[in-house]
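One structure below.
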Amino acid sequence: MERPLISIEGLARRFGETAVFENIWFGIERGEFVCLIGHSGCGKTTILNVLAGLDQPSDGTVIVDNREIDGPSLDRAVIFQGHALLPWLSVMGNIAFAVASRWPSWSRARVQDHARKFIELVGLKGAEAKRPAQLSGGMKQRVGIARALSIQPKMLLMDEPFSALDALTRGMLQDEVLRICADTRQTVFMITHDVDEAILLADRIVLMTNGPGARIAEIVLNTMPKNERRRNDLHRHPQYYAIRNHLVEFLVNRSKAFDREIAEGGYDPRRPRLVKPGLAAVNPPAEVVPLRHTH
Amino acid sequence: MAAFRNSLGLRSALLSLLIFAGIVVFWQIATQPTAGTGAAVDPEYAKLVGAAAATGSKSAMPTPADIGATIFKHLSDPFYVRGSNDKGIGVQLAYSLGRVLLGFGLAALVAVPLGFLIGMSPLVYRALDPFIQILKPVSPLAWMPLALYTIKDSAISSIFVIFICSVWPMLINTAFGVASVRREWLNVARTLEVGPLRTAFKVILPAAAPTIMTGMRISIGIAWLVIVAAEMLVGGTGIGYFVWNEWNNLSIANIVTAILLIGLVGLLLDQGLARLTRLVTYPE
Chain A
157 MERPLISIEG LARRFGETAV FENIWFGIER GEFVCLIGHS GCGKTTILNV
207 LAGLDQPSDG TVIVDNREID GPSLDRAVIF QGHALLPWLS VMGNIAFAVA
257 SRWPSWSRAR VQDHARKFIE LVGLKGAEAK RPAQLSGGMK QRVGIARALS
307 IQPKMLLMDE PFSALDALTR GMLQDEVLRI CADTRQTVFM ITHDVDEAIL
357 LADRIVLMTN GPGARIAEIV LNTMPKNERR RNDLHRHPQY YAIRNHLVEF
407 LVNRSKAFDR EIAEGGYDPR RPRLVKPGLA AVNPPAEVVP LRHTH
Chain B
1149 MAAFRNSLGL RSALLSLLIF AGIVVFWQIA TQPTAGTGAA VDPEYAKLVG
1199 AAAATGSKSA MPTPADIGAT IFKHLSDPFY VRGSNDKGIG VQLAYSLGRV
1249 LLGFGLAALV AVPLGFLIGM SPLVYRALDP FIQILKPVSP LAWMPLALYT
1299 IKDSAISSIF VIFICSVWPM LINTAFGVAS VRREWLNVAR TLEVGPLRTA
1349 FKVILPAAAP TIMTGMRISI GIAWLVIVAA EMLVGGTGIG YFVWNEWNNL
1399 SIANIVTAIL LIGLVGLLLD QGLARLTRLV TYPE
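Chains as they are written, first to last, in my numbering: chain A, 157 to 451; chain B, 1149 to 1432.
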């Protein structure tokens, strides 16, 4: 069987009798940007931690590159929600620590040269010697992004990376992540609860129902082409509102009553339905008959 | 004038000087020689405390001027050695400092690695906690007889007492500092596949360093308190012995001089460690 780069197979997390989430199946292709959306408490962070190798599932496995993961790896870099910079190190020190962990045999100068490239990539040139406490929230998160990218991982894992930032900074960083990921063809898995962020960044959006017993309800394919997604005029795109409404409708209503949809049949946890609400808006389905006056 | 009113430092310095002057004046008045009653006194007592004091015409307490003269005398020649009971005050202080630093250093060598181990393992933490809790509040001098009996050497016994009193704060603070390293910093190390030894030195040690240094600062303070008492007990050398010796000589001026110098050295030790603590402290 042909597997995607990352394959999540039958993942479950239980505390005694109650399952936080159960029977989670989905994959992430190489170079793809996948967002996971769901309410708090459905176990999103646990799934990300399992992918990172920081947490063990009660059941199921994660297969990366045809090998089951058994712990943290330099191939999967994590961008933490609280940036998690080491406060006693400078910006350069924090990134050099990661680079030296990736390539232990490199000389000090080579490590610093490599680190400097990534500091410039996230636009922090000139702030190399600053400590995290001297940086703003957005700058700290940039350092976190640079640290994750500097080890040139096979994939990036981001746990609500922008949720602690103000709207303006968040927007700027989203643009930058979009640019960097497009340039480097990076595979990304990101958790968010910001619908617009998901539409802007993701190729596919995985929708998770409420816990306990959370599941993958369906997967929304973002049919807006990547080069047409720009934060400033996202809302003018013909597909935008259809996708947005679909996501909001799910979060507000369907996420808590998804058991009813399962009862109606046709739900296969191994192959969650792939939906394209964006296309429905552009080409209205043929079966919709326009209202007509009858004499 | 406005600058003066706004500067807290300047005003507090002036107030300090006023208080100091007040103390000196009060002291001078309190130790003023009074008119002698001329009453007959025991000649041996007179010999001991000085004729003027014995007759009551002069207090046995030295005046501030006497103290000043004594301090000057000691500081102008602090490092002489004329026999086993007559050494300069600098020499005596150096003996005490040497013991404190040796005992403190040995305690650090034991407490920091052991504290690391305790802090890393919740099991060891809980298993050793009752021992630490019981031994910690024991006055270090209570160990003295045990040390003298087992070691059979008074000089090493006093170092052991310093060791035992400075080991607890360092042990407890190291264990606490290591145990409370933020989970996310450890996760950073884990996702970067950093080995346990490198994690210990590059993540846990710098993260816990401010707490460890605070423990060291508490330890050296206690050690400096304890050394005076320990040296009074074991005798021979050291500033504690000097104080006891001068009490036997009834030389109050020498005792007051020693008290001031003990305070000064204690202050310097504390400030030195405070400075080191500041070096390893990081803002979050």
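We treat Cβ as the ideally placed atom computed from N, Cα and C, and that holds for glycine.
Original post:
Around the Cβ of D221 of chain A, are there at least 16 other Cβ atoms within 10 angstroms (buried) or fewer (exposed)?
Top reply: Locating residue 221 of chain A in the first sequence gives position 65, where the first residue counts as 1. Exposed, because fewer than 16 other Cβ atoms sit within 10 Å of the Cβ of D221 of chain A.
**OP:** Anything in chain A within Cβ reach of P1431 of chain B, meaning under 9 Å, just list it in chain order.
**Re:** As a first step, residue 1431 of chain B must be located in the second sequence, where it is residue number 283. What P1431 of chain B touches in chain A: P243, R287, P288, A289 and Q290.
**OP:** Throw me the rounded Cβ distance for the Q1240 of chain B and T1385 of chain B pair, which I believe falls under 8 Å.
**Re:** The sequence position of residue 1240 of chain B within the second sequence is 92, counting from 1. The sequence position of residue 1385 of chain B within the second sequence is 237, counting from 1. At roughly 7 Å, the Cβ-Cβ gap stays under 8 Å, so Q1240 of chain B and T1385 of chain B are in contact.
Original post:
Which whole-angstrom value is the C-beta distance of V247 of chain A and I275 of chain A, which I expect to be below 8 Å?
Top reply: Here the question's residue 247 of chain A lines up with position 91 in the first sequence. Here the question's residue 275 of chain A lines up with position 119 in the first sequence. The pair is a contact, with the Cβ atoms about 6 Å apart (cut-off 8 Å).
Original post:
Three or more beta-carbon pairs under 8 Å between the region 371 to 378 of chain A and the region 422 to 433 of chain A, yes or no?
Top reply: yes
**OP:** Quick one: grab the DSSP three-state call for T450 of chain A.
**Re:** One-based indexing of the first sequence puts residue 450 of chain A at position 294. Bear in mind that a pLDDT of 49 at T450 of chain A, under 50, signals an unreliable position, so the number given afterwards is only what the model happens to contain. It is coil, neither helix nor strand.
Original post:
Where does I361 of chain A fall in DSSP's three states?
Top reply: By one-based count along the first sequence, residue 361 of chain A stands at place 205. In this structure, I361 of chain A counts as strand in the three-state DSSP scheme.
**OP:** Determine the extent of the alpha helix (DSSP H) in which A256 of chain A is found, giving its start and end residues.
**Re:** As a working note, residue 256 of chain A is residue 100 in the first sequence. Element bounds for A256 of chain A: V247 to R258.
Original post:
Taking the DSSP output, what are the residues bridged to S163 of chain A?
Top reply: For this step, residue 163 of chain A is matched to residue 7 along the first sequence. Answer is A:G183 and A:I219, bridged to S163 of chain A.
Original post:
Does V1336 of chain B come within less than 8 Å of chain A when only Cβ atoms are used?
Top reply: Mapped onto the second sequence, residue 1336 of chain B falls at position 188. Answer yes: the Cβ-Cβ gap between V1336 of chain B and chain A drops below 8 Å somewhere.
Subject >> Min CB distance P1354 of chain B to chain A below 8 Å >> reply: To locate residue 1354 of chain B, count along the second sequence from 1; it is residue 206. Answer yes: the Cβ-Cβ gap between P1354 of chain B and chain A drops below 8 Å somewhere.
Original post:
Rounded to the nearest angstrom, how far is the Cβ of F236 of chain A from that of L357 of chain A, given a contact under 8 Å?
Top reply: Here the question's residue 236 of chain A lines up with position 80 in the first sequence. Here the question's residue 357 of chain A lines up with position 201 in the first sequence. Their Cβ separation, rounded to whole angstroms, is 18 Å, which puts F236 of chain A and L357 of chain A out of contact at 8 Å.
Original post:
Using the rule of at least 16 other Cβ atoms within 10 Å of the residue's Cβ for burial, across every protein chain shown, is K1132 of chain B buried or exposed?
Top reply: Not covered by the structure: residue 1132 of chain B. The range shown for chain B is 1149 to 1432.
Subject >> Own chain residues within Cβ distance below 6 Å of F406 of chain A, not counting five before or after >> reply: The residue labelled residue 406 of chain A in the question sits at position 250 within the first sequence. Answer for F406 of chain A: L363, listed in chain order.
Original post:
Which term fits F1168 of chain B, buried or exposed, when burial requires 16 or more other beta carbons within 10 angstroms of its beta carbon?
Top reply: Mapped onto the second sequence, residue 1168 of chain B falls at position 20. The residue in question, F1168 of chain B, is exposed, as its Cβ has fewer than 16 Cβ neighbours within 10 Å.
Subject >> Option nearest P1317 of chain B by Cα separation, candidates B:F1308, B:A1256, B:E1332 and B:V1374 >> reply: Within the second sequence, the letter at position 169 stands for residue 1317 of chain B. Among B:F1308, B:A1256, B:E1332 and B:V1374, the Cα nearest to that of P1317 of chain B belongs to B:A1256.
Original post:
Terminal residues of the continuous alpha helix (DSSP H) containing E1432 of chain B?
Top reply: Taking the first residue of the second sequence as 1, we reach residue 1432 of chain B at position 284. Where E1432 of chain B is concerned, there is no enclosing alpha helix (DSSP H), given that its DSSP letter is neither H nor E.
**OP:** With DSSP as the reference, label T1425 of chain B as helix, strand or coil.
**Re:** Your numbering for residue 1425 of chain B matches position 277 in the second sequence. It is helical.
Original post:
Which residue comes first and which comes last in the beta strand (DSSP E) that contains E405 of chain A?
Top reply: Mapped onto the first sequence, residue 405 of chain A falls at position 249. Not the beta strand (DSSP E): E405 of chain A falls in the alpha helix (DSSP H), residues Y396 to E405.
**OP:** Classify K296 of chain A as buried or exposed, calling it buried when 16 or more other Cβ atoms lie within 10 Å of its own Cβ.
**Re:** Residue numbering aside, residue 296 of chain A sits at position 140 when the first sequence is read from its first letter. Looking at its Cβ environment, which holds 16 or more other Cβ atoms inside 10 Å, K296 of chain A is buried.
**OP:** For my contact list, V1404 of chain B and I1215 of chain B are in at a C-beta cut-off of 8 Å; report their separation, rounded to the angstrom.
**Re:** Numbered from 1 along the second sequence, position 256 holds the residue referred to as residue 1404 of chain B. Numbered from 1 along the second sequence, position 67 holds the residue referred to as residue 1215 of chain B. About 5 Å separates the two Cβ atoms, so the contact holds.
**OP:** Compute the beta-carbon to beta-carbon distance between V351 of chain A and R400 of chain A, rounded to the nearest angstrom, for a pair I have assumed lies under 8 Å.
**Re:** Taking the first sequence and counting its residues from 1, the one referred to as residue 351 of chain A is at position 195. Taking the first sequence and counting its residues from 1, the one referred to as residue 400 of chain A is at position 244. That pair is a contact at about 6 Å.
Subject >> Contacts of P213 of chain A in chain B (Cβ-Cβ under 8 Å) >> reply: If you number the first sequence from 1, residue 213 of chain A lands on position 57. In chain order: nothing, as chain B lies at least about 17 Å away.
Subject >> Residues that V228 of chain A contacts on chain B, provided the C-beta gap is smaller than 7 Å >> reply: The residue you call residue 228 of chain A lines up with position 72 of the first sequence. The identity of residue 228 of chain A in the sequence shown is Pro, whereas the question assumes Val. Ordered by position in chain B, the residues that pass the 7 Å Cβ test against P228 of chain A are R1338, T1339 and E1341.
Original post:
If you draw a straight line from the alpha carbon of L1353 of chain B to that of A1259 of chain B, how long is it in whole angstroms?
Top reply: Start at 1 with the first residue of the second sequence, and residue 1353 of chain B comes out as number 205. Start at 1 with the first residue of the second sequence, and residue 1259 of chain B comes out as number 111. Those two C-alpha atoms are separated by around 14 Å.
Original post:
What three-state label does DSSP hand M1318 of chain B in the structure shown?
Top reply: Here the question's residue 1318 of chain B lines up with position 170 in the second sequence. M1318 of chain B falls in the helix class under three-state DSSP.
Original post:
At which residue ranges does the region 1294 to 1318 of chain B contain complete alpha helix (DSSP H) runs of 4 or more residues, listed in the order of the chain?
Top reply: none
Subject >> Residues, ordered as in the chain, of the region 1209 to 1225 of chain B that lie near chain A by beta-carbon distance below 9 Å >> reply: none
**OP:** Give the range of the alpha helix (DSSP H) segment to which A373 of chain A is assigned.
**Re:** Within the first sequence, numbered from 1, the residue matching residue 373 of chain A stands at position 217. Taken as a continuous stretch (DSSP letters only), A373 of chain A belongs to no alpha helix (DSSP H), being part of the beta strand (DSSP E) at I372 to L377.
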